[in-house]
Amino acid sequence: MILRFFGFIWGAILLTLVMFAVLISLFDWKAPDAALHQLEQDIVRREIAEVVSGHGLDAGLETWARISGAHPEIAASPDPDCSSADPIRGPEGSCIAVVGTAGPPPVWVRIQAMLLPLAVGAVVSALGAIGLSRWLTRPIRTVNRGLQTIAGGELSTRIGEDLKTSNREFAALGRAFDHAAARLEELTESRQRLFHDISHEIRSPLARLRAAIGLMEVNPERTAPMLARMETDIERLDHLVDEILTLARFERGADGPETALLDLVDIVEPIVADANFEGQDRSVTVCYKGPERVAMRGNAELLHRAFENVIRNALAYSPDGGEVIVTGAPENGQSIFEVTDQGPGVPEAELDKLFDPFVKLGDGGRSQGIGLGLAIAARAVDAHGGKISAQAAPGQGLTVRIVLPVGKV
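Just so it is clear: in the sequence shown, position 312 is 745 by our numbering, and no numbers are missing.
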């Protein structure tokens with residue numbers, strides 16, 4: 434790479450020097466010796482012309498006879514018909530011709546006069562091209578090393594510090610590289626955690642199933658209760674696989690969901706009623722406070738799953754005798770729903786992790802979920818162009834806020 438940059442830069446500089454040399458030759462720019470000869474000829478011409486103008490042609494020729502020995506490459510002779518180039522004219526009408534006898538230098542002499550400047554220019558331009566090419570390619574070499582290191586598996590590689598340059602474009606490239614590398618490292622670690630969590634969630638019910646089969650073989654009369662327990666674990670595995678497939682479809686970035694005109698209240702109220710019924714065993718009440726109709730275009734199945742996961746999560750973490758309040762309100766072309774519980778809440782620093790897969794914060798053993806509910810809810814809301822967030826509720830508990838664009842209905 435450096436050689437290509439060097440060849441391009443040096444070639445451009447050297448071509449410029451050659452063009453200057455060609456121009457010098459075409460326009461007959463004289464070398465120093467030729468210029469001195471021309472100057473000498475002009476001086477002799479002026480000296481003879483002064484004598485001729487005052488004393489005539491004969492006096493001019495006598496003057497030339499005296500000084501001719503000092504100017505061997507100049508000749509002065511009578512020119513009766515004044516046919517020479519730029520003759521010296523006398524008062525009698527005749528002229529004296531003053532010409533150089535050396536003639537124009539041969540081409541090789543003229544080229545030889547340009548060889549030294551060209552050689553010096555070539556050396557200087559080569560040194561400059563080397564330095565410039567190394568300076569230009571250093572950021573590219575740094576990025577290339579970084580890419581090779583990441584390809585080798587070292588995802589913690591960053592080049593921002595190594596790519597110290599005053600060029601804003603290269604500096605922006607370094608920042609973009611570091612951001613992409615950090616994102617890649619984060620995604621890789623997330624995938625590894627996901628595989629670990631999935632294997633853990635699958636291993637537990639499988640172990641219980643294996644134990645139940647062993648107990649039935651040893652003690653056949655316990656078959657009936659063991660079958661009921663096995664049915665529970667099978668349902669848990671089926672639910673886990675369904676949640677994982679749903680999450681995978683969102684992560685794969687499949688085509689957007691099919692949408693239709695719907696009423697969000699028709700989706701939320703049945704979920705609230707079911708949750709309120711389930712909470713009676715612990716005296717937990719779940720209620721909805723909001724408008725009777727919130728129309729929008731969306732996918733009823735995905736939105737149902739999103740609201741159900743959020744509301745049931747709030748129910749699971751609510752203390753006995755607690756209350757879960759679901760509110761809804763239209764605002765600036767959006768529908769805003771909030772689900773507030775009175776549970777243990779989530780530390781402020783961990784709120785961003787709440788919607789990651791297999792995250793169960795502040796669980797305390799109460800929730801029987803697998804930690805995918807809020808992750809699926811977040812991706813379902815995002816598929817509708819909405820936003821989901823969480824914040825600490827006043828006093829104690831957690832508020833999950835869902836903002837969905839209503840759009841044109």
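Where a beta carbon is used, it is the ideal one built from N, C-alpha and C, also for glycine.
Query, Result
"Could you give the DSSP three-state label for L447: helix, strand or coil?", "helix"
"Under DSSP, the beta strand (DSSP E) around D815 begins and ends at which residues?", "Per DSSP, D815 belongs to no beta strand (DSSP E); it is in the alpha helix (DSSP H), 806-816."
"Mapping DSSP to helix, strand and coil, what is D643?", "The sequence shown places Arg at residue 643, not Asp. Three-state DSSP puts R643 in a helix."
"So what's V839 in DSSP terms, helix, strand or just coil?", "coil"
"Using C-beta distances below 8 Å, list every residue in its chain close to D512, excluding the 5 sequence neighbours before and after it, in chain order.", "P520, S527, C528, I529, A530"
"Can the beta-carbon of R812 be found less than 8 Å from the beta-carbon of F603?", "no"
"Looking only at its chain, what residues have a beta carbon closer than 6 Å to the beta carbon of T760, apart from the 5 residues adjacent to it on each side?", "K722, G723, E771"
"I'd like the span of the beta strand (DSSP E) that includes A782, first residue to last.", "Run containing A782: none; DSSP gives neither H nor E here."
"Please report whether the beta-carbon of L680 lies at a distance below 8 Å from any beta-carbon of chain D.", "Protein chain content of the structure displayed is limited to a single chain, and chain D is not contained in it."
"Please classify V674 as buried or exposed, where buried requires at least 16 other C-beta atoms within 10 Å of its C-beta.", "exposed"
"Leaving aside the five residues before and after T679 along the sequence, list all residues of the same chain whose C-beta is less than 7 Å from its C-beta, in chain order.", "I809"
"For I592 versus T570, is the C-beta spacing smaller than 8 Å?", "no"
"Can you look up G797 in the DSSP assignment and give me helix, strand or coil?", "With a pLDDT of only 49 at G797, under the threshold of 50, the placement of this residue in the model should not be trusted, and no figure is reported."
"Just tell me which of I476, Y750, N709, P763 has its CA closest to the CA of V779.", "Y750"
"Leaving out five residues before and five after G798 in sequence, what residues of the same chain have Cβ atoms less than 8 Å from its Cβ?", "The predicted model places G798 with a pLDDT of 47, which falls under 50 and marks its position as unreliable; any figure quoted below should be read in that light. Excluding sequence neighbours, G798 sits near nothing in its chain."
"Just mark T773 as buried or exposed, buried being the case when its beta carbon has 16 or more other beta carbons within 10 Å.", "buried"
"Helix, strand or coil for G731, going by three-state DSSP, please let me know.", "strand"
"Just to check my reading of the structure: V727 and V698 have Cβ atoms closer than 8 Å, yes? What is that Cβ distance to the nearest angstrom?", "5 Å"
"Please identify the residue among A823, G830, Q829 whose C-alpha is closest to the C-alpha of V836.", "A823"
"Would you kindly check if the distance between the Cβ of P638 and the Cβ of R669 is under 8 Å?", "yes"
"Please state whether DSSP places S822 in a helix, a strand or coil.", "strand"
"For D753, which residues in the same chain have their Cβ closer than 8 Å to its Cβ, ignoring the five residues on either side in sequence?", "R715, S716, V717"
"Once DSSP output is grouped into helix, strand and coil, what is the label at E525?", "coil"
"Could you check how far apart the C-beta atoms of E756 and A825 are, in whole angstroms? I think they sit under 8 Å.", "About 17 Å separates the two Cβ atoms, so there is no contact after all."
"What first and last residue would you give for the beta strand (DSSP E) that runs through L490?", "Not the beta strand (DSSP E): L490 falls in the alpha helix (DSSP H), residues 490-500."
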